[in-house]
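Student: The structure follows.
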Amino acid sequence: MQESASDITGREFLAFTLGAEEYGIDILKVQEIRGYETVTRIANAPAFIKGVINLRGIIIPVVDMRIKFNLGEPVYDQFTVVIILNIGGRVVGMVVDSVSDVTTLMPEQLKPAPDMGTAFSHEYMIGLGTIDERMLILVDIDRLMASEEMGLSDVEA
14 MQESASDITG
24 REFLAFTLGA
34 EEYGIDILKV
44 QEIRGYETVT
54 RIANAPAFIK
64 GVINLRGIII
74 PVVDMRIKFN
84 LGEPVYDQFT
94 VVIILNIGGR
104 VVGMVVDSVS
114 DVTTLMPEQL
124 KPAPDMGTAF
134 SHEYMIGLGT
144 IDERMLILVD
154 IDRLMASEEM
164 GLSDVEA
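Mind the numbering: the sequence shown is residues 14 to 170 in this note's numbering, read in order.
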């Protein structure tokens, strides 16, 4: 079931960057935010699956979103973070360039997602959130992580 802009009004979103773009995901899906640490590679995994980390005894897959969406060569620095997500009972790590803030979006701040042929498929977009001069690309993170192309088949949307 895809969310629509009317489903998300008044909800809080965690804003993060990938390259020059700013994205937002539902804060309720975020378990924690950690600094980037070395991951253990898994043989034959797709390039965007960086590997796995041990999070307090739980082995979780880590997806590098910059590689996933072909946004140039990832650079891991002091701003790079792993957003730990809890989606459908499955814990997954998502590497992003940086996180900025948590913001609440109201109905007048939401615009429908245009199909622009971006690196990011519009089927994973809920819409666009506007905050003054900023624009957040709102991601349906459940749908994205449950997609067949992510290869995390036991994640349920």
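Here a beta-carbon is modelled for each residue, glycine too, at the ideal position from N, C-alpha and C.
In terms of alpha-carbon separation, which member of Thr117, Ser113 and Gly140 lies closest to Ala126?
Tutor: Gly140
Student: Enumerate in chain order the residues of its own chain whose CB-to-CB distance from Val52 is below 7 angstroms, with the five nearest sequence positions on each side excluded.
Tutor: Excluding sequence neighbours, Val52 sits near Lys63, Gly64, Val65, Ile66 and Val75.
Student: Using 8 angstroms as the cut-off, can you tell me whether the stretch 101-116 makes contact with the stretch 31-47, which would need three or more C-beta pairs spanning the two stretches below that distance?
Tutor: yes
Student: Taking contact to mean at least 3 C-beta pairs separated by less than 8 angstroms, is the stretch 135-151 in contact with the stretch 41-48?
Tutor: no
Student: Could you spell out the range, first to last residue, of the alpha helix (DSSP H) harbouring Leu157?
Tutor: Ile154 to Ala159
Student: Considering only DSSP beta bridges, list what Ser111 is partnered with.
Tutor: Thr30
Student: To the nearest angstrom, how far is the alpha carbon of Leu27 from that of Leu118?
Tutor: 11 angstroms
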